[in-house]
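A.B. asks: Throughout, the numbering used here is defined as the position within the sequence shown, counted from one, plus 537.
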Amino acid sequence: MEASITAPSLRSTFLAKCSPSLIKFLFCACLGAFIWFMPAPAGMNILGWRVFAVFAFTLSGMILKPMALGSITLMSLVILVLTNVLTFEQAFSGFSKPVVWLIAAAFFIARGFIKTGLGLRLSYFIMSKAGKSTLGLAYSLVFTEFLLGPAIPSVTARSGGIFFPIVESLSKAFGSHPEGSRKKIGAYLITTIFQCSAMISGLSLTGMSGNPMVKTFALGFGADISWSMWFIAALVPGLVCLVIIPYVLYKIYPPEIKDTSEMAMMAKTKLAELGSITKNELILTSVFVFMIGMWCLGSVIGVNSTIVALIGVLVLVAVNILSWSELMQEKGAWDTLIWFASLITLATFLKEFGVTGMLSDFLGGYVHSSHWQISFIMISTIYFYLHYLFASNIAHITSMFVPFLVLSIAAGTPPVLATIVLGSFSCMFGGLTTYGCGPAPIYFGSGYVTTKEWFSLGFVISVINLTVWFTVGFAWWHFLGLT
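(1) Can you name, in chain order, every residue of its own chain whose Cβ lies under 8 Å from the Cβ of threonine 918, other than the five neighbours on each side?
(2) State the Cα-Cα distance for the pair leucine 880 and serine 738, rounded to the nearest angstrom.
(3) Alpha carbons only, please: which of Ala643, Leu672, Ala884 is nearest the one belonging to isoleucine 931?
(4) Rounded to whole angstroms, how far is the Cβ of glycine 759 from the Cβ of proline 952, which I believe are closer than 8 Å?
(5) Ends of the alpha helix (DSSP H) at asparagine 930?
(6) Taking the alpha-carbon of valine 704 as reference, which of Tyr725, Ala855, Leu685 has the nearest alpha-carbon?
(7) Could you tell me which uninterrupted alpha helix (DSSP H) segments, each at least 4 residues in length, are contained entirely in the segment 839–892, listed from first to last along the chain?
(8) Pick out the complete alpha helix (DSSP H) segments inside the segment 576–639, 4 residues or longer, and give them in chain order.
(9) Classify aspartate 761 as helix, strand or coil using the three-state DSSP reduction.
(10) Which residue from Gly960, Glu818, Ile560, Leu994 puts its Cα closest to that of arginine 648?
(11) Can you give me the Cβ contacts of threonine 728 inside the same chain, cut-off strictly under 7 Å, excluding the 5 residues immediately before and after it?
(12) Give every residue of the same chain whose Cβ lies closer than 7 Å to the Cβ of threonine 950, excluding the five residues on either side of it in the sequence, and list them in chain order.
(13) Out of Trp876, Phe877, Tyr925, Thr873, state which residue places its alpha-carbon closest to the alpha-carbon of leucine 896.
(14) So if DSSP puts aspartate 796 in a beta bridge, which residue, or which two residues, is it bridged to?
(15) Residues in the same chain with beta-carbon distance under 8 Å from valine 854, minus the five sequence neighbours each way, listed in chain order, please.
(16) Closest by CA to histidine 714, which one among Glu793, Leu617, Val751?
(17) In this structure, does DSSP put threonine 822 in helix, strand or coil?
(18) Drop a sphere of 10 angstroms on the beta-carbon of alanine 570, count the other beta-carbons inside from all chains shown, and report buried for 16 or more, exposed for fewer.
(19) Pair every Cβ in the segment 635–644 with every Cβ in the segment 760–780, then say whether three or more of these pairs are closer than 8 Å.
(20) Hey, how far is the Cα of tryptophan 767 from the Cα of methionine 736?
(21) Considering only heavy atoms of the ligand GDP, does any lie closer than 8 Å to the CB of serine 763?
(22) Give the single residue among Lys807, Phe589, Val845 whose Cα lies nearest to the Cα of glycine 830.
(23) Alpha helix (DSSP H) containing phenylalanine 711: first to last residue?
(24) With distances taken Cα to Cα, identify the nearest neighbour of phenylalanine 877 among Trp1006, Ala710, Thr971.
(25) Would the beta-carbon of serine 929 fall within 9 Å of that of cysteine 974?
(26) Select from Phe827, Thr753, Leu606 the residue whose C-alpha is nearest the C-alpha of leucine 847.
(27) Applying the 10 Å Cβ sphere with the 16-neighbour rule, what's the burial state of lysine 816?
(28) On a CA-only basis, which of Gly585, Met581, Ala577, Leu563 is nearest leucine 887? Give me that one, please.
(29) Which class does histidine 1015 belong to by DSSP, given the choice of helix, strand or coil?
(30) Please return the same chain residues whose Cβ sits closer than 7 Å to the Cβ of serine 613, not counting the five positions on each side in sequence.
(31) Might you give, ordered along the chain, the residues of its own chain that have their beta carbon closer than 6 Å to the beta carbon of valine 850, omitting 5 neighbours on each side?
(32) Give every residue of the same chain whose Cβ lies closer than 7 Å to the Cβ of cysteine 565, excluding the five residues on either side of it in the sequence, and list them in chain order.
(33) Is DSSP giving arginine 719 helix, strand or coil here?
(34) Can you check the segment 938–968 for any alpha helix (DSSP H) of at least 4 residues that lies completely inside it and give the ranges in chain order?
(35) Quick test of your reading: isoleucine 730 and phenylalanine 700, contact by CB under 8 Å. State the CB separation rounded to the nearest angstrom.
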């Protein structure tokens, strides 16, 4: 009798002493261990199965957050090295990817905008012109990126180097900060601009650096896609989504500040108080314009967008607008660099060891229908949501686009239509997660949106996007004669 009372009481005492973080960590570890010791599916490389187990541990850790994201992801790499699944060089190969350093550079540039006051000046200017509501402010930012989207083929450069500093400065100008007041306006603006950015990237052949790859792959299947053909086909469903997304988020994830009419008047006063533009603001503006120009021309003159961003950062250091010690203290940049680079490694070896390929083949066997439209909806939806396994649009396109294009064409989908839709989806699915595309860790790293909110809102917006593309889109494509 005594033992039967003592055991439950000991368990109760143990659980009572366990912190919520420890319980969350144990859950993540048990999930990873369960998958690790399960027999690998027939035909799957055992190393790939081990990477998948660690990926499950990592992803659950990112959602539950028992500890800092950098700690979770770094622990995952260490586990893979200690268990001889990967070599040290393989495990840390993600840190050599250009997009990782482009993201870090975006944080540094944003610090320059804040330090010089240029971000505040731009914020007040936008506030003074954007109308009387937070919703109007969001639409004005979305429209501006829509105009710039086709001209800057790097979505990470466009978002991180141009719009993130403005959105962050705008949020702080309204008194919205990551700690304590994030929902005043910052959380809404960050989420809205990020989700719309993913959509804008898919509206043109030059909206994202992976889109020309889609065009190149499709040539082998008789689909020669011109810039105008892609843009016209994607325009109507894309614009409908760009109208819907800010409004839906305004309703389901509302900002506390809705009426900005007084802020518009205040912004005009603040602009007057700031006076003439300062020397440092002029220098930063010049560097900013230089970077935009180089990003626009990068594909023509062969200059990598990451190098352009790093040149911009080094110029700001050289002219003492930023100091090296300030860059070292930019916690968000270094934390994001670590966890995003780690996820790139995991996603890369899920592909290298054939996990994603086997999964796509398995799912592809269940998408046959007598109507090609239904089959294509199923195929493209699977292609879309497989992005949970990827930390890069480019990696997803490289490994998955051709197999799913083949499936689509075999189901009866016209090659041109299949190419444009799968190509647009190859940008849009970046909005699903905190790691799915270059801009995601930049906006998420600002601290305005929690991991749980980011994943849940990303899924909701994805459902809206797919619904619009499969209804309005099909009607528009039928009108254009693409079906």
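The C-beta atom is built at its ideal place from N, Cα and C for all residues, glycine as well.
C.D. replies: Taking the coordinates as given:
(1) Leu1003
(2) 22 Å
(3) Ala884
(4) 5 Å
(5) 930–933
(6) Tyr725
(7) 842–855, 861–865, 868–889
(8) 583–601, 606–619, 625–628
(9) coil
(10) Glu818
(11) Leu786, Tyr790, Val986, Leu994
(12) Trp909, Phe913
(13) Tyr925
(14) Ser670
(15) Counting only Cβ-Cβ distances below 8 Å, and skipping sequence neighbours, we find Ser860, Trp861, Leu864.
(16) Minimum Cα distance to histidine 714 is reached at Glu793.
(17) helix
(18) exposed
(19) With the cut-off at 8 Å, the segment 635–644 and the segment 760–780 do not touch.
(20) Tryptophan 767 and methionine 736: Cα-Cα distance of roughly 14 Å.
(21) Absent from the structure shown: the ligand GDP. Ligands present: none.
(22) Val845
(23) Premise fails: phenylalanine 711 is in no alpha helix (DSSP H) and is neither H nor E.
(24) It is Thr971 whose Cα lies nearest to the Cα of phenylalanine 877.
(25) yes
(26) Phe827
(27) When all chains shown are included, lysine 816 counts as exposed.
(28) Gly585
(29) helix
(30) Cβ neighbours of serine 613 beyond the five flanking positions: Val591, Phe594, Thr595, Ser879, Leu883.
(31) Only Ala642, Phe645 meet the Cβ criterion.
(32) Only Phe594, Ser597, Gly598, Leu601, Pro603 meet the Cβ criterion.
(33) coil
(34) 939–947, 952–965
(35) 6 Å
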